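Numbering (our numbering), first residue to last: 3 to 415. Beta carbons are placed, not taken as given, at the ideal position from N, Cα and C, and that holds for glycine. Predicted, not measured: the structure shown is a model, and the values here were computed from it. What follows is one structure encoded as structure tokens, with my remarks underneath.
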Amino acid sequence: MSQTHKTLLFIDDDADVLKTAELLLGRSGYTLLKALSPAQAYALLSTQTVDLILLDLNFSHAQTSGEEGLASLQELRRSAPGVPVLVVTGHSGLTVAIRALRAGAANFIMKPWSNDKFIAAIEEGIDQGRRKPNVDDGLILEAPQSSGAEFIIGRTEAMMRIKALVDRYAPLTVPVLLSGLAGTGKSHIARALHNRSGRTHLKVVDASSISAVDAEKLQDATLIIEAIERLDTDFYQALLDWLPEFERRNVRVVVTSVHERGEMQLPRGLVYALSTLEINVPTLAERVEDIGILAQHFANLCAYKQNLSHRDLIPETIAHLKAAVWNDNLHALRQVVERAVIESDGPLLAPNDLHMPSIQDIDPRTTALSLENTEKFVVESALKRNNFNVSKAAAELGVTRQTLYRRMSRHGL
């Protein structure tokens, strides 16, 4: 076993947890300093240098709010600037963990932890600490220098499934197809697969320019081929020929497409070779409850990159965003939020800071829309929000499928 020669500080009021972590981390080559309270931690930090801090979020008896840990996080960032902090939480849950990320934590670990994931999170945190500048505003979820895939953001059932599949597929060698409409975040998921794979090198190429790939030089790498439907016919056989050799050299192929496996217009043999595993990335309409956390993430990142003060989205603004139709998915949401951050002055983003069409923007009393046009707009919006699933759109509108079909026919939808 190789020694890491890294020193960690774990702050937790449970001595058994600290002892368990000490045994595990010792086997992995880490030196662990233990503190039963934030006060002990501050004393240790006054005389010791550490590479990463693990912070429990609750210390008082029966306390589960996480507020103690969040307050300690701010003090730790002042006491040990530039040292990544991983928050460890069980009772406080995911909501408080997300607050900790916004406040500057590098990542979070849920109790009880998986030993492999625990070590992986620590290694990733130390790596972030090496690559990440000393940022003192504590308001971003990812450093701009990173690949953009340190975190897969989302708490809906659809995104929890994506996270589980990424964790399961990342270490494997067989190709993966990431399918989904434009703007759903396929490239982000592809990089997450690479980041969690243990491979050293990353090569990203558009399928239309795959001729630039020197296949002979790829080793211990992930090759991401974006928009595989653009692949030139001259490269059908070449790509098929590469795959067996890639597997021998630990080169993993990940392809993205707006088409699912059954809809791809490529030779069937190539389709099957490239899509041994498939992850279908959901649209925003299929993960509406993630829009709030995504929008706040985009606001945090924009403020950081543009050196602007932090902006918080108020609940009314998030509701406004959730009600909108996002045909271009994450691309459109990000653009709307970034424009609002740049053009607003105060610390809060209100609905009137957004520049976007939505149902709330349309008032039939003050526009020239007729009742007929209003009905068409409402029906079309419901269909788009539900990815043109008639049953779901009908349920949302409170009508039967037959009634909705009649309305669609009347309006030429």
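Query, Result
"So, with DSSP's three-state summary, where would you put Asp-169?", "helix"
"Quick check: Thr-319 and Leu-279, are their CB atoms within less than 7 Å of each other?", "no"
"Take Pro-349 as the anchor and find which of Leu-385, Val-339, His-312, Asn-329 has the nearest alpha-carbon.", "His-312"
"With a CB to CB cut of under 6 Å and the five nearest residues on each side skipped, what residues in its chain are close to Arg-336?", "Phe-300"
"Within 10 Å of its beta-carbon, does Asn-354 have 16 or more other beta-carbons around it, so buried, or fewer, so exposed?", "exposed"
"Kindly indicate the opening and closing residues of the beta strand (DSSP E) around Ile-13.", "8-13"
"Measure how close the beta-carbons of Lys-36 and Leu-20 come, nearest whole angstrom, since I'm counting them as under 8 Å.", "4 Å"
"For my contact list, Asp-58 and Leu-10 are in at a C-beta cut-off of 8 Å; report their separation, rounded to the angstrom.", "The pair is not a contact, with the Cβ atoms about 14 Å apart (cut-off 8 Å)."
"Could you tell me the distance, in whole angstroms, from the CA atom of Gly-31 to the CA atom of Glu-126?", "15 Å"
"Which term fits Asp-16, buried or exposed, when burial requires 16 or more other beta carbons within 10 angstroms of its beta carbon?", "exposed"
"At the level of alpha carbons, what is the spacing between Glu-228 and Ala-209?", "6 Å"
"Hey, out of Val-253, Ile-13, Ile-154, Leu-78, whose CA is closest to Ser-105's CA?", "The question names Ser, but residue 105 in the sequence shown is Ala. Per the Cα distances, Leu-78."
"In whole angstroms, give me the CA-to-CA distance for Asn-109 and Ala-123.", "8 Å"
"If I follow the unbroken beta strand (DSSP E) through Phe-110, where does it start and stop?", "109-112"
"Return the first residue and the last residue of the beta strand (DSSP E) that Val-87 is part of.", "87-91"
"Could you tell me which residues DSSP puts in a beta bridge with Lys-205?", "Leu-225"
"Just to confirm the assignment, what range does the alpha helix (DSSP H) spanning Glu-249 have?", "238-250"
"What residue range is occupied by the uninterrupted alpha helix (DSSP H) comprising Val-178?", "No alpha helix (DSSP H) contains Val-178, which is instead part of the beta strand (DSSP E) from 178-181."
"Might you give, ordered along the chain, the residues of its own chain that have their beta carbon closer than 6 Å to the beta carbon of Asp-138, omitting 5 neighbours on each side?", "Because the pLDDT of Asp-138 is 32, which lies under 50, any placement of that residue in the model is unreliable, and the question is left without a value."
"With DSSP collapsed to three states, give me the class of Ala-325.", "helix"
"Using the three-state DSSP reduction, which class does Leu-38 fall into: helix, strand or coil?", "coil"
"Assess contact between the segment 253-269 and the segment 290-305, defined as three or more Cβ pairs (one per stretch) separated by less than 8 Å. Is contact present?", "no"
"Within 10 angstroms of the Cβ of Ala-23, are there 16 or more other Cβ atoms? Answer buried if so, exposed if not.", "buried"
"For a test of the three-state rule: what should DSSP assign to Leu-331, helix, strand or coil?", "Checking the sequence, you will find Asn at residue 331 rather than Leu. Here Asn-331 sits in helix by DSSP."
"Assuming contact is defined by CB atoms lying nearer than 7 Å, are Leu-323 and Ala-297 in contact in what I supplied?", "yes"
"Near Ile-344, what residues of its chain come up, given a Cβ to Cβ distance below 6 Å and the 5 sequence neighbours on each side ignored?", "none"
"Spatial neighbours of Gly-187 within its chain, please: C-beta separation below 8 Å, excluding the five flanking residues on both sides.", "Val-283, Asn-331, Leu-332"
"Going by the DSSP bridge assignment, what does Glu-280 pair with across the sheet?", "Leu-179"
"Step through the CB atoms of chain D and report whether any lies within less than 7 Å of the CB of Val-98.", "The chain labelled as chain D is not found in the depicted structure, where only one protein chain is given."
"What number of angstroms, rounded off, separates the C-alpha of Ile-100 from the C-alpha of Ala-73?", "14 Å"
"With distances taken from CA atoms, which of Ile-121, Pro-114, Val-253 is nearest Arg-29?", "Ile-121"
"Taking its Cβ as the centre, do 16 or more other Cβ atoms sit within 10 Å of Arg-193, making it buried, or is it exposed?", "buried"
"So, at 6 Å on beta carbons, what are the nonlocal neighbours of Lys-113 in its own chain, with the 5 sequence-adjacent residues on each side left out?", "Gly-92"
"Which same chain residues end up closer than 8 Å to Asp-222 when comparing Cβ atoms and leaving out the 5 residues on each side of it in sequence?", "Arg-201, Thr-202, His-203, Arg-251, Asn-252, Val-253"
"From what residue to what residue does the alpha helix (DSSP H) around Leu-75 run?", "69-81"
"Hey, how far is the Cα of Ser-346 from the Cα of Pro-317?", "17 Å"
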